[in-house]
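Under my numbering, the first residue of the sequence shown is numbered 576, with each subsequent residue one higher. Let me begin by presenting the structure, written as structure tokens, before commenting on it.
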Amino acid sequence: MIPVLLVLNAGSSSLKFQVFDLLDGAEPRLVWKGLYEGLGGSAHSLVKDASGAILDETTWSSNDRLGHEEALMHLVAWLRQHQEGRTLAAIGHRVVHGGEAFSGPVLVDDAVLQALDSLVPLAPLHQPHNLEPIRIVRRRLPGMAQVACFDTAFHQTQSDIASLFALPSEMRDRGVRRYGFHGLSYDYIASVLATYDPRLAEGRVVVAHLGNGASLCALKGGVSIATTMGFSALDGLPMGTRCGAIDAGVVFFMLREMKLSPAEAERVLYTKSGLLGVSGISNDMRVLRSKAATEVDARRAIDLFVYRITREIGSLMAALGGVDGLVFTAGIGENDTATRAEVIAGLSWAGFSLDEDANRTGGPRISTGSGPTAWVIPTNEELVIARQTRTILGATWAKLAS
Ligand code: AMP
576 MIPVLLVLNA GSSSLKFQVF DLLDGAEPRL VWKGLYEGLG GSAHSLVKDA SGAILDETTW
636 SSNDRLGHEE ALMHLVAWLR QHQEGRTLAA IGHRVVHGGE AFSGPVLVDD AVLQALDSLV
696 PLAPLHQPHN LEPIRIVRRR LPGMAQVACF DTAFHQTQSD IASLFALPSE MRDRGVRRYG
756 FHGLSYDYIA SVLATYDPRL AEGRVVVAHL GNGASLCALK GGVSIATTMG FSALDGLPMG
816 TRCGAIDAGV VFFMLREMKL SPAEAERVLY TKSGLLGVSG ISNDMRVLRS KAATEVDARR
876 AIDLFVYRIT REIGSLMAAL GGVDGLVFTA GIGENDTATR AEVIAGLSWA GFSLDEDANR
936 TGGPRISTGS GPTAWVIPTN EELVIARQTR TILGATWAKL AS
């Protein structure tokens with residue numbers, strides 16, 4: 576029997592999954608991937624093979640009220656029907672927040688789950704959804720090994736100063752500090768840099784994770800030394816619907832003068848701002864690009880996005896003491912040639928020079944000349960979860976065997 580890992584990434588109304596074969600000594604090998612979306616309403620599921628060919632598609636009506644539990648059990652039944660020669664060994668979960676306690680992946684038990692629950696106030700919009708499938712599996716598949724893999728953990732290498740807010744020290748004692756997110760993505764990029772350019776892996780690199788959520792990370796020798804996201808996933812760059820860094824005084828103005836409740840203010844900052852808020856059109860870069868020539872507000876939203884990215888890259892370059900390379904990744908970073916070109920144009924002062932042909936064809940290297948290099952590297956957060964889950968399982972199995 577080949578042991579397989581199920582990797583889960585749960586959102587408020589979605590459940591994304593990937594299934595990996597664990598072969599001795601080799602990288603976990605993707606077998607199936609897919610998602611359930613529209614959970615709680617008219618749900619839809621898709622299963623694809625590793626090449627992207629659709630193997631299965633199911634639609635439920637809103638009367639079916641398919642929730643996360645039903646979706647997960649539907650997935651488990653599908654796996655049992657199709658897994659010939661394979662056995663489900665463990666489940667790895669994407670969990671947004673590991674707080675101060677978890678500087679790496681962890682096997683989930685009662686105490687760990689309780690500790691992760693206590694972090695819900697630090698990531699109220701993501702953490703509860705990430706923890707729900709863990710609870711469902713404990714209830715419905717008791718005994719199944721589950722590993723939590725964190726978006727924050729990769730940044731625990733940052734210095735005390737880099738993670739500090741200029742607030743009274745009792746706030747720091749309550750856990751109010753910069754954590755940073757998208758760590759699974761940065762972990763993947765750091766792990767493959769040497770295959771693109773061995774000097775980069777040793778050097779000073781800014782990674783731009785530009786998707787619906789967006790952040791930057793400064794890597795020195797593959798280790799995170801600074802990042803744009805802070806206490807929550809709201810900080811740093813403007814995103815699809817999130818505002819990015821703003822003056823905290825704006826929040827007081829919203830509460831005091833505009834009479835918004837904290838929940839309303841939170842909704843504005845998380846779901847009505849960013850590219851969507853500025854353009855008034857869409858949070859999707861593809862839509863904004865298609866309208867940028869005719870709609871002034873689509874152009875402004877893109878210009879602000881690029882301006883903020885460029886400024887923040889300058890800030891991370893200062894933290895690194897210079898830069899050897901810039902990596903673009905995630906939905907916009909991997910696909911939007913115009914954003915890459917505009918960011919690099921804004922960094923010509925630092926010696927970056929765009930190779931237009933390479934940029935058009937997706938690189939991987941998209942810079943020319945003798946200055947710092949620029950790259951397009953597709954991220955793979957699920958593979959990092961699979962790797963981390965296998966590492967934890969290996970340690971657990973070794974402990975059981977000894
Ligand atoms: P992610 O969160 O990494 O899946 O990225 C999602 C974002 O990537 C979407 O909101 C789109 O704006 C953007 N995106 C995906 N494909 C393209 C593309 N071909 N061109 C421009 N933007 C894209």
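Ideal Cβ positions, reconstructed from N, Cα and C, are used throughout, including at glycine.
- Ordered by chain, the residues meeting the criterion of a beta-carbon within less than 5 Å of a non-hydrogen atom of the ligand AMP are G786, N787, D859, M860, R861, A905, G906, I907, N910, D911.
- With a contact defined as Cβ atoms closer than 8 Å, G819 and G849 qualify at about 7 Å.
- Residue pairing for S865: DSSP places it in no beta bridge.
- Residue burial is scored here from C-beta neighbours: N638 has fewer than 16 other C-beta atoms within 10 angstroms and is therefore classed as exposed.
- If the five residues before and after M892 are omitted, its C-beta is found closer than 6 Å to the C-beta atoms of V898, all from its own chain and listed in chain order.
- Closest in alpha carbon position to G609, among W635, L654, E887, is L654.
- Shown here for L901: same chain residues with a beta carbon closer than 6 Å to its own, the five before and five after excluded, namely V781, A949 in chain order.
- When only Cα atoms are considered, F806 and P696 end up about 11 Å apart.
- Taking one beta carbon from each stretch, the segment 584–596 and the segment 644–661 have 3 or more pairs nearer than 8 Å; the two touch.
- In terms of Cβ geometry, L630 and K623 form a close pair [threshold 8 Å].
- In the DSSP assignment, the residues bridged to D624 are W607.
- In summary, R715 is exposed, with fewer than 16 beta-carbon neighbours lying within 10 Å of its beta-carbon over all protein chains present.
- V671 carries a coil assignment under DSSP once its states are collapsed to helix, strand and coil.
- When M576, L598, P947, S587 are compared, the shortest CA-CA separation from L775 is found for P947.
- Counting only residues of its own chain and dropping the five nearest sequence neighbours on each side, A783 has a CB closer than 6 Å to the CB of L791, F903, G908.
- Between V951 and G969, the CB-CB gap reaches or exceeds 8 Å.
- Distance from the CA of L863 to the CA of D772, rounded to the nearest whole angstrom, comes to 33 Å.
- For G926, the closest of N934, T943, R915 by C-alpha to C-alpha distance is T943.
- The continuous beta strand (DSSP E) containing L590 extends over residues 590–596.
- The residue from F725, D685, R886, E644 with its alpha-carbon nearest to that of E957 is F725.
- If you draw a 10 Å sphere on the C-beta of I888, you find 16 or more other C-beta atoms in it, and that means buried.
- In the three-state reduction of the DSSP assignment, D726 falls in the coil class.
- In the structure shown, P578 adopts extended strand secondary structure according to DSSP, grouped into three states.
- Its chain contains L605, V606 as the residues whose beta carbon lies nearer than 7 Å to that of A625, once the 5 sequence neighbours on both sides are disregarded; these appear in chain order.
- As computed with DSSP, E839 is found in no beta bridge at all.
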